[in-house]
Amino acid sequence: MNSRWVIQRLTSHLPSCFSTIFSPTKILIRVSPSYQVSTFLLNHVDISLLLSISGREGLFPHLGPCLHASIIKNPEFFEPVDADIHRNALVVWNSLLSLYVRRGKLPDALKLFDEMPMIDSISQNTVFNGFLKNREIESGFVLLKRMVRSGGFDQATLTIVLSVCDIPELCFVTKMIHGLAILSGYDKEVSVGNALITSYFSCGCSVSGSRVFDEVVQRNVITWTAVISGLIQNELHEDSLRLFSLMRRGLVYPNSVTYLSALAACSGSLRIVEGKQIHALLWKFGIESELCIESALMDMYSKCGSIEDAWKIFESTEEIDEVSMTVILVGLAQNGSEEEAIHFFIRMLQAGVEIDANVVSAVLGVSFVDNSLGLDECQKETTFHGIR
């Protein structure tokens, strides 16, 4: 069989921009012992890459079905002749499954999953993740039960479940998964420990979250940050700052997210001294100028009553976004600078910045206190910009 004919037949229904990928050098031609019939196997890396591209929202919507058609026409993907081809074929099947899940086509994904000639834990986790991300909890747990019974779950399965257990009503699920992790030995995995901590704190079970942190053998920056932010989430700001101080004395160094959490703890507890110490650390390590860090610093200084320091950071910021402008606006309004807040608010409207309704209420509340501050002008601007 002519190899060129095989390639043309295989790629004839694909977009022309991808035809060069399927060159003879990227296709394995397998010849039968009779030397009369040739079969082919597409390079699994190329196919997986194309499936990944087509799985992104808005990109090549028809490419996925075209590749699917090519795959099911190829017997090598159904009956691999050796272990290497079996492994490569499984990569392609899982990539195709992931495509349907990412596009939100769960019925198609489940149908494909049931008909796939080969599956592994990645296949199961892909479908399971799709169910949970789309809040089809019942279907997801039916699949989880199958996976547990067959022993087909792994640490990724447990972290997927825990990622959706983020409300108090699902705390019992977190406890069930915690027990399953202990029985299977996955509780010693760092990723599972981190997921348990995050889930417990998200569900409002701060005692259980802290207990997991105390019991984990290995702690990385994600572990520490999960507890620090979890304590803040449960309004335990003082405990969060103490843990941050303990972290700094150890071998694990904070990252930007950790510092953001620590600044939030300072804001919540009105601890400006600790906030300034963190500010000095940020300057020392050269991450003070990150946009999210600057906004957090402005928020901390504003809530601690030092609007002058917040304004200095705002004026020195090279890149200003809606978040930083909103932070400084609320800070002005809440720290007695009513007139400046009104004028700044009008400037934001004129610049086309999107304003949160709560911010509008706060600023208009300031203007109602003293009508001389520009209530009429403020109301005129909000009406003009469609804010009621």
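The sequence shown begins at 1 in full-length UniProt numbering and counts up one residue at a time.
Cβ atoms here follow ideal geometry from the backbone N, Cα and C, with glycine treated the same way.
Determine the DSSP secondary structure at Val252, reduced to helix, strand or coil.
Counted from its first residue, the sequence shown places residue 252 at position 252. Residue state, collapsed to three classes: coil.
Rounded distance between the beta-carbons of Leu263 and Ser275, thought under 8 Å:
As a first step, residue 275 is located in the sequence shown; it is residue number 275 there, counting from the start. As a first step, residue 263 is located in the sequence shown; it is residue number 263 there, counting from the start. The question names Ser, yet the displayed sequence has Gly at residue 275. That pair is a contact at about 6 Å.
By the three-class DSSP mapping on this structure, what secondary structure does Gly152 have?
In the sequence shown, the residue the question calls residue 152 occupies position 152. Coil, per DSSP.
Classify Gly209 as buried or exposed, calling it buried when 16 or more other Cβ atoms lie within 10 Å of its own Cβ.
Start at 1 with the first residue of the sequence shown, and residue 209 comes out as number 209. Flag for Gly209 reads buried.
By a C-beta neighbour count over all protein chains shown, 10 Å radius and 16 as the cutoff for buried, is Glu294 buried or exposed?
As a working note, residue 294 is residue 294 in the sequence shown. The residue in question, Glu294, is buried, as its Cβ has 16 or more Cβ neighbours within 10 Å.
Going by other Cβ atoms of all chains shown within 10 Å of its Cβ, with 16 needed for buried, is Trp93 buried or exposed?
For this step, residue 93 is matched to residue 93 along the sequence shown. Burial call: buried.
For Arg103, name the three-state secondary structure that DSSP assigns.
Translated into positions along the sequence shown, residue 103 becomes position 103. Three-state DSSP puts Arg103 in coil, outside helix and strand.
Here's the rule: buried if 16 or more other CB atoms are within 10 angstroms of the residue's CB, otherwise exposed. What is Leu49?
Here residue 49 is taken as the residue at index 49 of the sequence shown, counted from 1. It is exposed - the Cβ of Leu49 has fewer than 16 other Cβ atoms within 10 Å.
DSSP-derived helix/strand/coil call for Leu270
Mapped onto the sequence shown, residue 270 falls at position 270. In this structure, Leu270 counts as coil in the three-state DSSP scheme.
If we count the other Cβ atoms within 10 Å of its Cβ and call it buried at 16 or more, is Lys303 buried or exposed?
Counted from its first residue, the sequence shown places residue 303 at position 303. Burial call: buried.
What ranges does the beta strand (DSSP E) occupy inside the region 163 to 239, keeping only unbroken runs of at least 3 residues that lie completely in it?
none
If you scan the region 305 to 347 from start to end, which runs of the alpha helix (DSSP H) of 4 or more residues do you find wholly inside it?
307 to 316, 322 to 334
Would His237 and Ala265 be called neighbours here (beta carbons separated by less than 8 Å)?
Sequence index remark: in the sequence shown, residue 237 carries index 237 (1-based). Sequence index remark: in the sequence shown, residue 265 carries index 265 (1-based). It is a contact, given that the beta carbons lie within the stated cut-off.
Does DSSP put Asp84 in a helix, in a strand, or in coil?
Sequence index remark: in the sequence shown, residue 84 carries index 84 (1-based). It is helical.
Need the endpoints of the alpha helix (DSSP H) that Ser70 sits in, please.
Residue 70 sits at position 70 when you count from the first residue of the sequence shown. Looking at the DSSP string, the run of the alpha helix (DSSP H) that includes Ser70 is 63 to 72.
Helix or strand or just coil, what does DSSP make of Ile53?
One-based indexing of the sequence shown puts residue 53 at position 53. Helix.
Taking C-beta to C-beta, are Val127 and Phe141 nearer than 8 Å?
Residue numbering aside, residue 127 sits at position 127 when the sequence shown is read from its first letter. Residue numbering aside, residue 141 sits at position 141 when the sequence shown is read from its first letter. No; because the gap between Cβ atoms is not below 8 Å, this pair is not in contact.
Apart from the five residues just before and just after Met325, which ones in its own chain have a Cβ nearer than 7 Å to its Cβ?
Along the sequence shown, one-based indexing puts residue 325 at 325. Contacts found: Met348, Val353.
The alpha helix (DSSP H) spanning Phe128 covers which residue range?
Taking the first residue of the sequence shown as position 1, residue 128 is located at position 128. Per DSSP, Phe128 belongs to the alpha helix (DSSP H) from 121 to 133.
Phe172 burial status per 10 Å Cβ neighbour count (16 or more: buried):
Residue numbering aside, residue 172 sits at position 172 when the sequence shown is read from its first letter. Phe172 is exposed by the Cβ-count criterion.
Alpha carbon of Leu143 to alpha carbon of Trp224, nearest angstrom
For this step, residue 143 is matched to residue 143 along the sequence shown. For this step, residue 224 is matched to residue 224 along the sequence shown. Rounded to whole angstroms, Leu143 to Trp224 spans 32 Å at the Cα level.
When you compare only the Cα positions, how much space is there between Phe344 and Val330?
Your numbering for residue 344 matches position 344 in the sequence shown. Your numbering for residue 330 matches position 330 in the sequence shown. Straight-line Cα distance between these residues: approximately 10 Å.
Which of the three DSSP states is assigned to residue 389 in this structure?
Residue 389 lies beyond the range of the chain shown here (1 to 388); nothing can be said about it.
Within 10 Å of its beta-carbon, does Arg219 have 16 or more other beta-carbons around it, so buried, or fewer, so exposed?
If you number the sequence shown from 1, residue 219 lands on position 219. Arg219 should be labelled buried.
Does the region 143 to 159 come close enough to the region 187 to 201 that 3 or more CB-CB pairs lie under 8 Å?
yes
Contacting residues, own chain, Cβ-Cβ under 7 Å from Ser52 (five flanking each side not counted):
Here residue 52 refers to the residue found at position 52 of the sequence shown. Correct list, in chain order: Ser95.
Rounded to a whole number of angstroms, what is the C-alpha to C-alpha distance between Ser261 and Ile232?
Numbered from its first residue, the sequence shown carries residue 261 at position 261. Numbered from its first residue, the sequence shown carries residue 232 at position 232. Taking the straight line joining both Cα atoms gives about 7 Å.
Reduced DSSP category for Ala280 - H, G, I as helix; E, B as strand; rest coil:
Position 280 of the sequence shown, counted from the first residue, corresponds to residue 280. In the structure shown, Ala280 sits in a helix (DSSP, three-state: H, G or I).
By a C-beta neighbour count over all protein chains shown, 10 Å radius and 16 as the cutoff for buried, is Gly286 buried or exposed?
As a position in the sequence shown, residue 286 is number 286, starting the count at 1. Looking at its Cβ environment, which holds fewer than 16 other Cβ atoms inside 10 Å, Gly286 is exposed.
Backbone CA spacing between Asp214 and Lys111 [nearest angstrom]:
Position 214 of the sequence shown, counted from the start, is the residue given in the question as residue 214. Position 111 of the sequence shown, counted from the start, is the residue given in the question as residue 111. Going from the Cα of Asp214 to the Cα of Lys111 covers about 43 Å.
Are Leu297 and His279 closer than 8 Å when you measure CB to CB?
Residue numbering aside, residue 297 sits at position 297 when the sequence shown is read from its first letter. Residue numbering aside, residue 279 sits at position 279 when the sequence shown is read from its first letter. Yes.
With DSSP run on the structure shown, which of helix, strand or coil describes Phe78?
Stepping through the sequence shown from its first residue, residue 78 is reached at position 78. Of the three classes helix, strand and coil, the one that applies to Phe78 here is coil, per DSSP.
How about Asn134 and Gly104: are their beta carbons less than 8 Å apart?
In the sequence shown, the residue the question calls residue 134 occupies position 134. In the sequence shown, the residue the question calls residue 104 occupies position 104. Their beta carbons are under 8 Å apart, which means Asn134 touches Gly104 by this criterion.
Which of helix, strand or coil DSSP assigns to Phe40
Looking up residue 40 in the sequence shown gives position 40. Only weak support is given to the placement of Phe40: the predicted model assigns it a pLDDT of 44, under 50, and the value that follows is read from those uncertain coordinates. Strand, per DSSP.
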